[in-house]
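Trainee: Here it is: the structure, laid out below.
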Amino acid sequence: MKKSKFLLAILAIVFTFTLTACLKEEHTHTWTKWEMTLAPTEDTVGTKQRKCTSCDEVETAEVEVLTDENVWTLVEETEATCTVLGKRKYSNEDFGSVEVSLPLVEHTYEEYTLTLEPTETTSGLAKAKCTVCKEEAEIEVLALTDSSVWQLVDQLNPDYTQAGFNKYESKFGSVTVEFNRLVAPYENKTYTSFNVDASSDDVPYKNGK
Ligand SMILES: [Zn+2]
Ligand SMILES: [Zn+2]
């Protein structure tokens, strides 16, 4: 009698467990809507999650990159300037909208004024003004022999009769390097009087006075 009661109790427990197990197996998840948990960027995917309303099971999946036109629509775009960040706004009806900012673009320098002329061996400086934001900047200008910047446009080699020059041009303007006329070796010599410091009085003529 006691034994069978115990057995019954065991059976009841086993039955309950089996029943719950069965129920759980047959349970069809009732999912909430996907919710974006990490917004994607233009080149990295995001994540989304949904939950079962009855068992709290969570499912995670990827959200496509913003440039995926099957998922996202570009609804707004503002180009960046040299002072204001640009912006792109993408939208999706489930996830709402995501904004990305675009980096500043370089200043647009068009007119330069050389403030320190470069030479053939040393760099110089130029002042430039951005045509968009009017900001002024001082820029290093490479030496005249750097052909990525300067072009030798005219040249005259110096000789014994005339001076010479190298004329360079670039977006920074033009610079002329002048060379002195060559000097022949004899030209340098100045044949003036000999350097006689001693006055005649001091000259020790033995047979004189
Ligand atoms: Zn569930
Ligand atoms: Zn600017």
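All residue numbers for the sequence shown refer to the working numbering, where the first residue is 30 and numbers rise by one.
Even glycine gets a Cβ: it sits at the ideal position worked out from N, Cα and C.
At a cut-off of 8 Å, is E86 close to ligand 1 when judged by its beta-carbon and the heavy atoms of the ligand?
Mentor: Yes, since a heavy atom of ligand 1 falls inside the 8 Å radius drawn around the Cβ of E86.
Trainee: Between which two residues does the beta strand (DSSP E) harbouring N121 extend?
Mentor: Element bounds for N121: G115 to N121.
Trainee: Rounded to the nearest angstrom, how far is the Cβ of V104 from that of S120, given a contact under 8 Å?
Mentor: Indeed they touch by this definition, with Cβ atoms about 5 Å apart.
Trainee: Only counting the same chain, and skipping five residues up and downstream in sequence, which positions put a Cβ closer than 7 Å to that of T107?
Mentor: Excluding residues within five positions, the ones whose Cβ falls inside 7 Å are G115 and K116.
Trainee: I want to check one thing, is the minimum distance from the CB of V161 to the heavy atoms of ligand 2 below 8 Å?
Mentor: Yes, since a heavy atom of ligand 2 falls inside the 8 Å radius drawn around the Cβ of V161.
Trainee: Roughly how many whole angstroms lie between the Cα atoms of V127 and T160?
Mentor: If I take the Cα positions, the gap works out to 32 Å.
Trainee: Please go through the same chain and pick out, in chain order, the residues whose beta-carbon is closer than 8 Å to the beta-carbon of V74, but skip the five residues on each side of it.
Mentor: Excluding sequence neighbours, V74 sits near E91, V92, E93 and V94.
Trainee: Under a Cβ-count criterion, where at least 16 other Cβ atoms within 10 Å of its own Cβ denotes burial, should F194 be classed as buried or exposed?
Mentor: Counting Cβ neighbours within 10 Å, F194 comes out exposed, since fewer than 16 surround it.
Trainee: Please return the same chain residues whose Cβ sits closer than 8 Å to the Cβ of G125, not counting the five positions on each side in sequence.
Mentor: M65.
Trainee: Evaluate C51 with the Cβ neighbour count: other Cβ atoms within 10 Å of its Cβ, from every protein chain shown; 16 or more gives buried, anything less gives exposed.
Mentor: With a pLDDT of 47 at C51, under the threshold of 50, the modelled position of that residue is not reliable, and the figure given next carries that caveat. Exposed, because fewer than 16 other Cβ atoms sit within 10 Å of the Cβ of C51.
Trainee: Please state the DSSP three-state secondary structure of A50.
Mentor: Because the pLDDT of A50 is 49, which lies under 50, any placement of that residue in the model is unreliable, and the number read from its coordinates should be weighed accordingly. Three-state result, A50: helix.
Trainee: So, at 6 Å on beta carbons, what are the nonlocal neighbours of Y141 in its own chain, with the 5 sequence-adjacent residues on each side left out?
Mentor: Cβ neighbours of Y141 beyond the five flanking positions: A155, A157 and F201.
Trainee: With respect to the beta strand (DSSP E) encompassing S130, which residues constitute its N-terminal and C-terminal limits?
Mentor: Element bounds for S130: G125 to L131.
Trainee: Within its chain, find whatever has a CB closer than 8 Å to the CB of S152; leave out the 5 residues flanking it on each side and keep chain order.
Mentor: Excluding positions up to five away in sequence, the list reads E169, V170, L171 and A172.
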